[in-house]
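Structure, as structure tokens:
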DNA sequence: AGCTAATCGAGACGGTACGTCCCGTCTTGAA
DNA sequence: TTCAAGACGGGACGTACCGTCTCGATTAGCT
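Residue numbers (UniProt numbering), protein chains in the order written: chain A, 1 to 225; chain B, 1 to 225; chain C, 1 to 225; chain D, 1 to 225.
Now the structure itself:
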């Protein structure tokens, strides 16, 4: 016998997860919302806050056990499980709690609107505070296809829509070519940021990147004469 | 879309990971490689194969316990741990076992070489069989920064170098503009594929995508008159 | 109402219990006893000892959680559950570990043999050390009919057999009447001790009790003239 | 047989137990009995009935959780705890609700009175319906010394008194020897029933047992010549 | 009729223990 | 020294109860 014990990462066991993952603002109980003692909003807060605090303190996803979350939140385990069916669903709500809506495009010029959107991605994705948080949380969510799809359809999709509307406007006013699938065009702008963040994520995304990307994509890589 | 999509991983608990992750081609024992019973190559194979089989059968990363891997491979747990220090290191080798070298560019035209590279990414990343495999494995590797950096420096870097050399050739022959950072240009080509694979990874990447991407990026999104 | 209060039973959640409750000397694993690491006899001992120590320290049956037993024994919970299917089965083995074989009757006279047996009961049942121990443990075992039956059939029955053999001998030599069921006669001797212990168990059973009981039962309550 | 059989109880976790275990006939509220909504007698009934019903349905004491009792009685948990401080106190009241007073001895002959008392024990303790009930309930009560003492002093003592008075009468009229402690004599009659019920409780106590016991104890086991 | 107050069913609260599973290490006999 | 098997101490999992608390809704006696 020994003392070494475990460690490691792992994850989720199931992939269920999304029963009631409708945001941190806890839904009403199943049967009759006005019967019985109401759920304590303080508990909701305490749990989410505990997760955020732990992550900021450098606790890895593997150490983020439900057991420990409940303990640090000063809450019974059952209180956590009453709100979320598992760690993954909780993480999803933690992720959502960090979401900032993408600012609506100013509408001055198509080029500037595109820069605004890409700049938002650059900053949101790597801003000091969110960075560590999201890296940990997103990892967990991504690891479960069902959750990731859920997140994608609620949050990511909405943001893409903003980008698409700008591109459509660009088409109407002749700023954007119409002979390509509009989804492909959207990926041309988003992809590079993603690439920088994903493939060499330990580097910071430099200022001015958004403009450089937008301009190059608009004008093309082949030199115009 | 948003920046969150761009973030990633972490975790690790241990961060050990790479002590001896020198591939499935089993290293020699510590003290004297010629003494005692040699490691069974059959065991190496059985383990890697078991992981691949399980993933193909839809086993999620969370259910991929070392315990189960050993059981499924008909192998003692110690036999697994003798080869890899943990699940992550094993996963890294599983990933490597799937690697195919990027074919060298034909060198006919810059545009065609670029298409070749992007087409390789499209197929490698999403080909029916590998897709599920990689998604599961990569998730785990990404979740541990040390491992991911290792993988990145070994495999990703090499591929990028091929792309960069093509771009440099393009600059020399005037096919590619020189007023932009060459790394940025590389991301313009790689990013869109990544975006498709990461942000809506459950969709298949259609044929012809590589050409469409390369051509649009080369020519630009703004219509040339 | 009545003395039946003296009866018992039930409980148990499962009532399973006895799969392998064949004494503390741990059985071999299910499949092949010679394969794999053998069970540690030290663990067997540590667990039983921990229970005994705790009980002697006045830990109540309600506080005797498997969790705590494992902790105090310096043993993993799984190690406990590998040996016993539940708390009850463990308790049964703890009980057995305390058993002392009833000394064989000297065979001098029937009356003295009877006194010897009853005296054994008086002492065993209430001896300082065992008393506290047994009270706690027996409670748990009695609370589960299946376990209690098991215990009865293995231990109690054997002791009764000794008593019965003495009575049979008494019949042969005319010391014991033959017009009554021999099992009834046995109860006439055992019952009074039981009654004292069960109905007013907080009192100590006084010395000389055995002789008084045996003599009175032999001679009868109605005065002989 | 052995002394272990004679041991008992303990446990308790709380040991509170008897604070207010004054029977199901619900006490008045603390402050002013006349103010506020009175306790519903229907709830009292529902709770006791639920326990009885469950026990008759074979629910073991371990499955008899307060939670389940309340649920099954269609009553809030607080309503149960308002009446009893814990499961044990409730059980004690359930026990009491089953009590039948021992019939006063006819007084015809000492021998017949003794048979009457023992017969009562035989039937009460093992009558098909009560048997299961009592076994379950008594187990729980016995497991807590404080409760058991309470029950003993209230109920058992009273019954013993009846037996003792008969024995005293027997002494006066020369039917019972006077050279033995009268408490011991009482145990000689009660013990055998107890022994049968406790040591092999799953068997039924046959008719005629009472007479057989009384006669044998009166006359003695040694044959009279 | 209105007020006060204790009740009701329901169910959430912080805890603790359950029994199962996995971690990474250790220990068998056999090869 | 390896192998398969499986036990080891440790710890998280998700469930069930504990006894308490808090809801809105009765249900009485008192003004």
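For glycine and all other residues, C-beta sits at the position ideal for the given N, C-alpha and C.
Unbroken alpha helix (DSSP H) run spanning residue 182(C), endpoints = 182–199
Smallest Cα separation from residue 136(B): which of 90(B), 109(B) and 155(B)?
-> 90(B)
With a 10 Å radius around its C-beta and 16 neighbouring C-beta atoms as the bar for buried, classify residue 105(A) as buried or exposed.
-> buried
Compare the C-beta of residue 50(C) against all C-beta atoms of chain D and say whether one is closer than 7 Å.
-> no
Would the beta-carbon of residue 167(A) fall within 7 Å of that of residue 176(A)?
-> yes
Which value, in whole angstroms, describes the spacing of the CA atoms of residue 152(C) and residue 219(C)?
-> 30 Å
Through-space distance from residue 53(B) to residue 47(B), alpha-carbon basis | 10 Å
Along the alpha helix (DSSP H) that carries residue 53(B), what are the first and last residues, could you check?
-> From DSSP, the alpha helix (DSSP H) with residue 53(B) extends over 41–56.
Can you tell me the Cα-Cα spacing of residue 42(C) and residue 87(C), whole angstroms?
-> 19 Å
Terminal residues of the alpha helix (DSSP H) in which residue 166(B) lies = 157–172
Residue 185(A) at chain B interface by Cβ criterion, 7 Å | It does: the Cβ of residue 185(A) has a partner Cβ on chain B nearer than 7 Å.
Contacts that residue 142(C) makes with chain D (C-beta to C-beta distance below 7 Å) | 139
Contact check, residue 163(B) vs residue 117(B) under 8 Å by CB: the rounded distance?
-> 5 Å
Per-residue burial, residue 195(C) [other beta carbons within 10 Å of its own, 16 or more giving buried] = The residue is buried, with at least 16 neighbouring Cβ atoms inside 10 Å.
Would you mind stating whether residue 115(D) and residue 211(D) have Cβ atoms separated by less than 7 Å?
-> yes
Measure the alpha-carbon distance for residue 169(D) versus residue 147(C) and round it to whole angstroms.
-> 43 Å
Alpha helix (DSSP H) segment containing residue 219(D), residue limits = Unbroken alpha helix (DSSP H) run through residue 219(D): 209–219.
Name, going along the chain, the residues of the region 75–97 of chain A whose beta-carbon falls closer than 8 Å to a beta-carbon of chain B.
-> 95
7 Å Cβ cutoff met for residue 208(A) and residue 192(B) | Against a cut-off of 7 Å, the Cβ pair of residue 192(B) and residue 208(A) comes out as no contact.
Partner residues on chain D for residue 188(C), Cβ-Cβ distance less than 9 Å | 188, 191, 192, 195, 213, 216, 217 and 221
Of all the options 94(A), 71(A) and 158(A), which has the alpha carbon lying nearest to the alpha carbon of residue 234(A)?
-> An answer regarding residue 234(A) cannot be provided, because it is not within the stretch 1 to 225 covered by chain A.
Step through the CB atoms of chain D and report whether any lies within less than 7 Å of the CB of residue 176(C).
-> yes
Mind checking if residue 180(A) is an interface residue toward chain B, Cβ cutoff 7 Å exclusive?
-> yes
Residue 61(B) at chain A interface by Cβ criterion, 7 Å = yes
In three-state DSSP terms, what is residue 228(C)?
-> Examination of residue 228(C) is not possible in this model, given that chain C is present from 1 through 225 alone.
Within the same chain, show all residues whose beta-carbon is closer than 8 Å to that of residue 138(C), passing over the 5 residues directly before and after it, in chain order.
-> 95
Give the C-beta separation of residue 69(C) and residue 140(C) to the nearest angstrom, bearing in mind that I take them to be a contact with Cβ-Cβ under 8 Å.
-> Not confirmed; about 12 Å, so no contact.
Could you check how far apart the C-beta atoms of residue 217(C) and residue 188(C) are, in whole angstroms? I think they sit under 8 Å.
-> With a beta-carbon spacing of about 5 Å, residue 217(C) and residue 188(C) fall inside the 8 Å limit used to define contacts.
Cβ shell of residue 113(D) (< 7 Å), same chain only, five flanking positions each side left out | Closer than 7 Å at Cβ, skipping near neighbours: 105, 106, 107 and 166.
Determine the direct distance from the alpha carbon of residue 44(B) to that of residue 77(B), and round the result to whole angstroms.
-> C-alpha separation (whole angstroms): 12 Å.
Measure the beta-carbon distance from residue 64(A) to residue 51(A) and round it to whole angstroms, keeping in mind my assumption that it falls under 8 Å.
-> 7 Å
Inspect the beta-carbon positions of residue 159(D) and residue 102(D) and report whether they are closer than 7 Å.
-> Contact flag set, yes.
Answer with yes or no whether the minimum CB distance from residue 206(B) to chain A is below 7 Å.
-> Chain A, which has no Cβ nearer than 7 Å to the Cβ of residue 206(B), makes this no.
Between the CA atoms of residue 172(B) and residue 222(B) - distance to the nearest angstrom = 24 Å
Within 7 Å (strictly less), CB to CB, does residue 30(B) reach chain A?
-> With a pLDDT of 48 at residue 30(B), under the threshold of 50, the modelled position of this residue cannot be trusted; read the value that follows with caution. By this cut-off, residue 30(B) is not an interface position.
Mind listing which residues of the region 145–157 of chain D have their C-beta closer than 9 Å to chain C's C-betas, in chain order?
-> 145, 148, 149, 151, 152, 155 and 156
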